[in-house]
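Here is the structure we will look at, set down as structure tokens.
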Amino acid sequence: MYAQMVKTDTKRVRSLDEMEPQERAFQERIDAGQKIEPKEWMPEDYRKTLIRQISQHAHSEIVGQLPEGNWISRAPTLERKAILLAKVQDEAGHGLYLYCAAETLGISRDQMYEQLHSGKAKYSSIFNYPTLSWADIGAIGWLVDGAAIMNQVPLQRCSYGPYARAMVRICKEESFHQRQGFDIMTVLAKGTPEQKAMAQDALDRWWWPSLMMFGPSDDASVHSAQSMAWKIKQNSNDELRQKFVDQTVPQAKYLGLTVPDPALKWNEEKGGHDFGEPDWNEFFAVIAGEGPCNRERLEARRKAWNDGAWFRDGLTAHAEKQAARRQASRIAAE
Amino acid sequence: MSSEWPLWEVFIRGQHGLNHRHVGSLHAPDAEMAILNARDVYTRRNEGVSIWVVRSADIVASAPSDKGPLFDPANAKVYRHPTFFDVPDEVGHM
Ligand SMILES: [Fe+2]
Ligand SMILES: [Fe+2]
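Below, the structure written as structure tokens:
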């Protein structure tokens, strides 16, 4: 997902009886559906895991602007350009809400940027693929934002208050993202044969990376079990992937496009689709930095950060000067 | 590396006649920029008619551990609620 394979420091999820009183009280509050707020006591591992998860999520929103930003200056109409600009601006906002949520756990914004720019922190694998045609912008909104929604809707109920509240704001904006993407796909799919071929090509390239967004099966993962016990993860990766496939296949059918999976078949018995396995070797390579655009994405981020330094410093200097002036006139008035 | 901009808490009045409500926080070099940034981050869809920003460092908060002593006493004072009193039907609306 936007935060893939988040590790905890847990070796084994412990039962209530095995916990010290403080931790037990904490777990009981979570079990009762109460929210944990900043400054309240929490296990160190809960705090560290959340920082990893939220900052990874924030980095994904920020880096996620880059593939789409590639098409702002080349959108086919002024209206599409305005819509795409608004969408990409939303993603910047999502990053900011999430960075703020992470900061309440005791990490600074600059530390998080540093982790992103040094390559230490991860962001979603999906943003390391290139946007080759305008149809890719449609496919991203439809599939990538669609997959993000699957994951973010349940996170609105997560146990950490600031994260849950950021998710509420984000979810309100996401459905615009998905619909504008589907709208682009609809126009292309119902257009000329060339346009329809563009839409099909985009679906062919984005389908598997979108399924990989949910991460490999984690039914046997202790990290996933611990995150679920803490209610900072609500569904298994396979569950969400299944839901995504079942939701998306009829949409592709409506568009008259073919999902590029020969194994895809409706399974009456389970009431869902059977589908093929994504190429997990590709996934791990992308996560390890070897996707088609990893280097380009990080370079763009670093360049934006470094090129903006003079401007950030200028604003700081101006603020300091103004503050000093106010101070001086206050003293003079006394 | 240059120093990080301070953190500001953002409060928005959603509609005329309502209170300002805390919506989140952001970094900005000064109050003017904090308001401009808050406009972009928190009111992209007509969410507000007025913005307050306060430096996070200037907010004084009650400690989570004081929750009991501060708020529990009110639990025992049910008579503060109008539903504590029975109003006979004959009396009509009160
Ligand atoms: Fe987003
Ligand atoms: Fe989005």
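These protein sequence lines map, in sequence, to chains X and F.
Everything in the first sequence is counted per our numbering, starting at 2 for the first residue and increasing by one.
Everything in the second sequence is counted per our numbering, starting at 235 for the first residue and increasing by one.
The beta carbon of each residue, even a glycine, is placed where N, CA and C say it ideally should be.
Checklist entry - CB of Glu-175 of chain X to nearest heavy atom of ligand 2: below 7 Å? => result yes
Checklist entry - Would you say Val-312 of chain F faces chain X, with C-beta separation under 8 Å as the test? => result no
Item to check | Under 8 Å by beta carbon: chain F residues contacting Tyr-98 of chain X | outcome: What Tyr-98 of chain X touches in chain F: Gly-258 and Val-275.
Item to check | Tyr-47 of chain X versus Leu-256 of chain X: straight-line alpha-carbon distance, rounded | outcome: 43 Å
Checklist entry - Using CA coordinates, which residue listed in X:Glu-45, X:Arg-327, X:Glu-41 and X:Leu-97 is at the minimum distance from Gln-66 of chain X? => result X:Leu-97
Checklist entry - Between Glu-24 of chain X and chain F, is there a C-beta pair that is closer than 8 Å? => result no
Next on the checklist: Taking DSSP's pairing of strands, which residues face Arg-247 of chain F in a bridge?
Outcome noted: F:His-254 and F:Ser-284
Next on the checklist: Against chain F, with Cβ distances strictly below 8 Å, would Glu-21 of chain X count as a contact?
Outcome noted: no
Checklist entry - Span of the alpha helix (DSSP H) holding Lys-322 of chain X? => result Boundaries of the alpha helix (DSSP H) harbouring Lys-322 of chain X: 310 to 334, taken from the DSSP string.
Checklist entry - Is the beta carbon of His-178 of chain X within less than 7 Å of some heavy atom of ligand 2? => result yes
Checklist entry - Alpha carbon to alpha carbon, how far is Phe-272 of chain F from Leu-260 of chain F? => result It should be noted that the sequence gives Ala, not Phe, for residue 272 of chain F. Distance between the alpha carbons of Ala-272 of chain F and Leu-260 of chain F: 7 Å.
Checklist entry - Would you say Ile-138 of chain X and Ile-185 of chain X are within 8 Å of each other, going by their C-beta atoms? => result yes
Checklist entry - What residue from X:Lys-82, X:Met-229, X:Val-188 and X:Pro-163 has the CA that sits closest to Val-7 of chain X's CA? => result X:Met-229
Checklist entry - By how many angstroms is the C-alpha of Thr-317 of chain X removed from the C-alpha of Tyr-161 of chain X? => result 32 Å
Checklist entry - For a contact meaning CB atoms closer than 9 Å, what does Glu-324 of chain F contact in chain X? => result Under the 9 Å cutoff, chain X gives no residues; its nearest Cβ is about 43 Å from Glu-324 of chain F.
Checklist entry - Near Trp-281 of chain X, which residues of its chain fall below 6 Å by C-beta distance, leaving aside the five closest residues on each side in sequence? => result Pro-217
Item to check | Pick from X:Pro-210, X:Ile-141 and X:Arg-327 that is closest to Val-89 of chain X, judged by C-alpha positions | outcome: If we check each option's Cα against that of Val-89 of chain X, X:Ile-141 comes out closest.
Item to check | Glu-92 of chain X: CB within 7 Å of a non-hydrogen atom of ligand 1 | outcome: yes
Item to check | Candidates X:Ser-134, X:Ala-334, X:Glu-41 and X:Gln-181: closest to Arg-206 of chain X by CA position | outcome: X:Ser-134
Item to check | Residue span of the beta strand (DSSP E) that contains Asn-268 of chain X, given as start and end | outcome: For Asn-268 of chain X, the enclosing beta strand (DSSP E) begins and ends at 266 to 268.
Checklist entry - Which term fits His-256 of chain F, buried or exposed, when burial requires 16 or more other beta carbons within 10 angstroms of its beta carbon? => result exposed
Checklist entry - Under 8 Å Cβ-Cβ, which residues of chain F neighbour Cys-159 of chain X? => result The contacting residues do not exist; Cys-159 of chain X stays about 16 Å from chain F at best.
Checklist entry - Taking 8 Å as the CB-CB cut-off, is Arg-206 of chain X touching chain F? => result Put simply, the CB of Arg-206 of chain X is far from chain F, with every gap to its CB atoms at 8 Å or more.
Checklist entry - Do Glu-175 of chain X and Asp-220 of chain X have their C-beta atoms closer together than 8 Å? => result no
Next on the checklist: Determine, for Pro-303 of chain F, whether the minimum Cβ-Cβ distance to residues of chain X falls below 8 Å.
Outcome noted: no
Next on the checklist: Against His-250 of chain F, what residues of chain X qualify as contacts under a CB-to-CB distance less than 7 Å, listed in chain order?
Outcome noted: What His-250 of chain F touches in chain X: nothing, since even the nearest Cβ is about 22 Å away.
Next on the checklist: Applying the 10 Å Cβ sphere with the 16-neighbour rule, what's the burial state of Ile-37 of chain X?
Outcome noted: buried
Next on the checklist: Whole angstroms are fine: how far does the CA of Met-328 of chain F sit from the CA of Ser-61 of chain X?
Outcome noted: 57 Å
Checklist entry - So who's on the other strand from His-58 of chain X, going by DSSP bridges? => result The partner list for His-58 of chain X (beta bridge, DSSP) is empty, contrary to what the question assumes.
Next on the checklist: Between Ser-196 of chain F and chain X, is any beta-carbon pair separated by less than 8 Å?
Outcome noted: The first residue shown for chain F is 235 and the last is 328, placing residue 196 of chain F beyond what the model contains.
Item to check | C-alpha gap between Ala-325 of chain X and Pro-263 of chain F, whole angstroms | outcome: 14 Å
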